[in-house]
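Below is one structure, written out as structure tokens; the observations come after it.
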Amino acid sequence: MTKSTPPNSFLKNQTPDNDWYKRRIIVMILFVIPGFAFLLLRLFYLQIFEGDNFRRLSDNNCIRLQSIDPPRGLIFDRNGQLLVDNRPSYDLSIMVKDARPLETSLQHLSQYTRIPLEQLQEEIEKYRNQPSFKPVLLKQDIGRDILAAIEVKRFDLPGTLVDVHLRRLYVKSRSAAHVLGYVGEISSNEMKSAKYAEYKRGDLIGKSGVEKSFENYLKGERGGRQIEVNVTGQLVRVLKTVEAVPGNNVFLSIDQGLQKKAEDLLSDATGAVVAMDPMTGSVLAMASSPSYDPNMFVDGFSYDQWETLRKDPSHPLQNKAIQAEYPPASTYKIITAMAGLEEGVIDEKTPLVCTGAYKFGEREYRCWRKGGHGSLSVGRAIAESCDVFFYQVGLRLGVDRLASYAKAAGFGALTGIQLEQESGGLIPTAAWKKRRLGVAWQAGETLSISIGQGYNLVTPLQLASMISSIANGGTRYTPLMVDKIQNASGETIKKFYPEIRGHLSVSPRNLDIIKKGLWEVVNGKSGTGRIAGIEGIEISGKTGTAQVFSRKNDSENESRRVQELKSHAWFVAYAPSADPKIAVSVLVEHGEHGASAAAPIAREMIRAYLTEK
Amino acid sequence: MFDRRLIQNFDWMLLIITMLLAASGLITLYSAARAGLDITQAFYFKQLMWYGAGFLVMIAFFLVSYKRFDQYAYTAYAICIFLLTAVLIAGKVVAGSKRWLVFGPVSLQPSELAKVAVIIVLSRYYSRTASTEGMRLRDLLVPMALIAVPFALIVKQPDLGTAVMILLIAATLTVFIKIEKRAMIAIVSFGTVAIPLGWMLLKGYQKQRILTFLEPDRDPLGAGYHIIQSKIAIGAGMLSGKGFLKGTQNALSFLPEHQTDFIFSVLAEDWGFIGSAAVLFLFLMLIVWGLNIAHGCRDSFGALLSIGIIAMIGWEVFINIGMVMGLMPVVGIPLPFISYGGSAILSMMMCVGILMNISMRKYIIE
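What follows is the structure, encoded as structure tokens:
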């Protein structure tokens, strides 16, 4: 056999190696046997030596995990005023197997808590099929009175348990509701998303507003306990604990005083107010009216209540400052003027004539002032908001050149604010119309566009951002909703600094011409926004009155729309004119005139901010 | 040409041990599937089918002479590397890691096959280069590269358990190779420098993960809790067990992965010390018998191949059972023949086929 061993073998040819190798196998066996003996010893220890103990633990099924929910981070305004808190909530449940006879226990419970007996029985019926060692939740958030009653009558109520949980409390109720948002149970769709991979059923997550956008900072880290319980489910001892890490506290850029002011000013109207620090982009106030009470989402509400809220034609759940789109109307003349000056189709002195209407093609395009403005240049055209002047500028520019200036001002795109579901608005171009509607652009449409009507759509936040850029010399900042984030021990872990998102395409010289016009709006003899003037503070601004169009395709809603045909009122402003500290954009739905409905609100916002500081 | 001596030398002992292990695996899985309230018992029937396929693979692997494996070692290795790469690109993501390639109803875990491929390719390399004088450091560069590639690909999945297993198999094989003293010193000193250095380079959370892996008690809500439940299940079996299907469902549903990594706890709860010790004994028999095959083999490729296979089975058994009893880190290593998992069954039956192959050809010289 030796003769035909393969040539590559080190076993047969080299006898010493063969012996060496075989010795190693023996050594290996000598290692394996003690290894297995070691496992066997351990098995003996677990099953024979400690067997009784483990059998007992197994029969009672008594090592359990109990999770410890972290307190969610709190939300403050920029001055440290508490806006969103956590409060203790007492949840009543019953361990059915410990509450025998069940009927008597439930009767007692009903008597002490004044919860109808049928309701208690109904809850128990729902959970019939779950294991008997799991408690059945009877009523959430029972309140301190019922809690006291239960504590006193403990002996009559076997198996009754009261758990304490933290619930969200929106301290200011309806105030800033749209900014703060609310929390709710994670939905099955959200569970599927990778973003919520670590969540489990029943967890509360931010559903909108800052609660949603800053979920990762607010949520904290869940902890837990390994506990041993006895046969009746009572805690015997805690084996191990991992403490929960509380969520981080979020400090908004909002000034709660100013926020409240905005909401009071809007209280009777449907609309939105945005106030910003024009030098940083910090949002000082963001109000949307009508509002809702986010505490309803925490306490739970009936289907009817939900339907009422959802179907309300004034959309209380919508944050109109960032989600609602309106024609910018005459506030848009700022852009038309800027484009005209920059493109050289007009200069500061170019006179254009307004006779009260402008004939183009077969149609007459009217000015808001029937008698006309006569011959005027850009400064006065802004101050008096002459439509005919801007029709002519618009025609000289064409839709696409105008659109490029609008886009530089941030229109037609998201502002990038740290809130979800923001709308971007719309700035039409010839190509957009061809693509979207399949029809070529009509020169007549450019006339409507140049005074901010037609397809143009903007959000109140976009206008606030635009007027801020005018105020600060042409820089467009990303609106900041949050100032800083602190951990539970008060150390700042993240600070938000102004972030430049773009620049207006305008030279300092032309910007000054526009600013002068905006100053004239409020301070000039025949300015359209004189009502916004305050003694001692110089304000610049622009009015806007957005016609509510009847679109051809929804003519069947004719009757309903008649009441809704009143124009929307706009006013955008900044102050003090020479050294801007605040920029405001106000929209009042169906307010009719920018000057009468929106300008006073902007004025009061400015007064409140500049005089109370 | 078919040699009658093949039948005369058929390794019945190996077949019997394998069948007994397969049977205890299926019985335990039946219990686990029931206890886990898997209504369809899909696990059990799927495993039965995998065993059916496994037996065919076993037959295929002992019919062809193992000298062929020597010939196709690098091809098999290349295919496995290809599959490991494919799994990183197109693999199915389960619980954050990519381990499975899905082909219609069948999913394959290439890392299971890669272990066998590494054994074959290392056996081939060592059998040709080993010398009486011992291997020099530069002779060891090739095997290091052969190990490093699949190791890196498996770490990337990430599947730390299987990756460590490849290192352990390779290290065990290397015990049977003569290495120059200088090379040995170099390797050991490199290791002693590299390990603390690598540790310093790790980020905080990575260190945390490794510490938890080494000491499950650091994670009382995860691995630590699983180990406690596993120890309760095993201990509760006591001397004679709670009986087939009598393991408490609740305890079992507390066990994570009770059909795969923690299957031994189910077995120990049902069958007690007597049953668990018997299964331990079967594994010991398998290993000693395998080493006996290695001892009797007279060409170095076959000898190293059988040692590699035994090393793989031995380490997996030791680590898995050690883990469920709370002696070892919690790693995702299945218990050979017992745990649920098609790819693992296939590769185990493949290994048994190879062992039979070597065993029955020990008197046949081609």
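The listed protein sequences derive, respectively, from chains A and B. Residue numbering for the first sequence follows my numbering, beginning at 2 and increasing consecutively. Residue numbering for the second sequence follows my numbering, beginning at 200 and increasing consecutively. A virtual CB, placed ideally from N, CA and C, is assigned to each residue, including glycine. Quick caveat: nothing in here was measured; it's all calculated off a predicted structure.
Beta-carbon separation (whole angstroms), residue i vs residue j, contact threshold 8 Å
| i | j | result |
| --- | --- | --- |
| G436 (chain B) | E468 (chain B) | 5 Å |
| A574 (chain A) | S541 (chain A) | 6 Å |
| A382 (chain B) | L336 (chain B) | 4 Å |
| S505 (chain B) | L554 (chain B) | 6 Å |
| K543 (chain A) | I335 (chain A) | 6 Å |
| M606 (chain A) | A263 (chain A) | 6 Å |
| S470 (chain A) | T476 (chain A) | 6 Å |
| G333 (chain B) | I384 (chain B) | G333 (chain B) to I384 (chain B), Cβ: 12 Å. No contact. |
Residues near residue i in its chain [Cβ-Cβ closer than 6 Å; skip 5 each side]
| i | result |
| --- | --- |
| S439 (chain B) | G471, I473 |
| G160 (chain A) | I95, M96, D99, A100 |
| P247 (chain A) | P71, P72, G221, A489 |
| W191 (chain B) | Outside the displayed span of chain B (200 to 565) sits residue 191 (chain B), for which this structure offers no information. |
| G545 (chain A) | A330, S331, T332, W571, G595 |
| L481 (chain A) | S254, G282, S283, F497 |
C-alpha distance - residue i paired with residue j, whole-angstrom precision
| i | j | result |
| --- | --- | --- |
| Q443 (chain A) | H179 (chain A) | 39 Å |
| K371 (chain A) | I538 (chain A) | 33 Å |
| D401 (chain A) | P309 (chain B) | 58 Å |
| G221 (chain A) | G185 (chain A) | 16 Å |
| I515 (chain A) | Y200 (chain A) | 53 Å |
| K321 (chain A) | E423 (chain A) | 10 Å |
| F350 (chain B) | T274 (chain B) | 18 Å |
| A409 (chain A) | V85 (chain A) | 37 Å |
| G474 (chain A) | P581 (chain A) | 10 Å |
| F242 (chain B) | V529 (chain B) | 23 Å |
| Y406 (chain A) | S68 (chain A) | 55 Å |
| V293 (chain B) | Q458 (chain B) | 16 Å |
| N249 (chain A) | D204 (chain A) | 18 Å |
| Y46 (chain A) | I215 (chain B) | 30 Å |
| V305 (chain B) | L340 (chain B) | 37 Å |
| S296 (chain B) | I537 (chain B) | 23 Å |
| R79 (chain A) | V284 (chain A) | 10 Å |
| S289 (chain A) | V172 (chain A) | 18 Å |
| I365 (chain B) | I346 (chain B) | 7 Å |
| S506 (chain A) | F412 (chain A) | 13 Å |
N- and C-terminal bounds of the beta strand (DSSP E) containing residue i
| i | result |
| --- | --- |
| P89 (chain A) | 83–95 |
| D142 (chain A) | Counting along the chain, D142 (chain A) falls outside any beta strand (DSSP E), and DSSP gives it neither H nor E. |
| D484 (chain A) | 483–487 |
| S505 (chain B) | That residue, S505 (chain B), is in no beta strand (DSSP E); its alpha helix (DSSP H) goes 499–523. |
| Y333 (chain A) | Here Y333 (chain A) belongs to no beta strand (DSSP E), and DSSP marks it neither H nor E. |
| D164 (chain A) | 161–171 |
| K241 (chain A) | 236–243 |
| G615 (chain A) | Any answer about residue 615 (chain A) is impossible in this case: the structure gives chain A only from 2 up to 614. |
Proximal residues to residue i (C-beta, below 8 Å), its chain only, five neighbours per side dropped
| i | result |
| --- | --- |
| S90 (chain A) | Q141, D142, V165, H166, L167, R168 |
| L103 (chain A) | V97, I125 |
| G1 (chain A) | Outside the shown range of chain A, which is 2 to 614, sits residue 1 (chain A), and nothing can be said about it. |
Limits of the unbroken alpha helix (DSSP H) element including residue i
| i | result |
| --- | --- |
| W249 (chain B) | 241–262 |
| Q324 (chain A) | 321–324 |
| M277 (chain A) | No alpha helix (DSSP H) contains M277 (chain A), which is instead part of the beta strand (DSSP E) from 272–277. |
| Y273 (chain B) | 272–289 |
| S546 (chain B) | 541–559 |
| N491 (chain B) | 462–495 |
| K314 (chain B) | 309–328 |
| L588 (chain A) | Note, L588 (chain A): premise wrong, no alpha helix (DSSP H); beta strand (DSSP E) at 583–589. |
Cβ-based neighbour list, residue i, same chain, cut-off 7 Å, excluding 5 preceding and 5 following
| i | result |
| --- | --- |
| E344 (chain A) | L398, R402 |
| A150 (chain A) | Y113, T114 |
| D237 (chain B) | Unreliable positioning characterises D237 (chain B) in this predicted model, as indicated by a pLDDT of 48, which lies under 50. The coordinate reading is nonetheless provided below. Around D237 (chain B): no qualifying Cβ. |
| A431 (chain A) | V400, D401, W442 |
| S586 (chain A) | V275, P461, L464, A465, I468, V573 |
| I494 (chain A) | N249, I486, Q487, N488 |
| G445 (chain A) | F361, G362, R364 |
| G163 (chain B) | The structure shown does not extend to residue 163 (chain B), since chain B is modelled only from 200 through 565, so no value can be given for it. |
Q | Stretch-stretch touch, CB-based, cutoff 8 Å, three pairs: the segment 313–329 of chain B with the segment 467–487 of chain B | A | no
Q: Pair every Cβ in the segment 588–597 of chain A with every Cβ in the segment 565–579 of chain A, then say whether three or more of these pairs are closer than 8 Å.
A: yes
Q.
Three Cβ pairs or more, each shorter than 8 Å: is that satisfied between the segment 511–527 of chain B and the segment 42–58 of chain A?
A. yes
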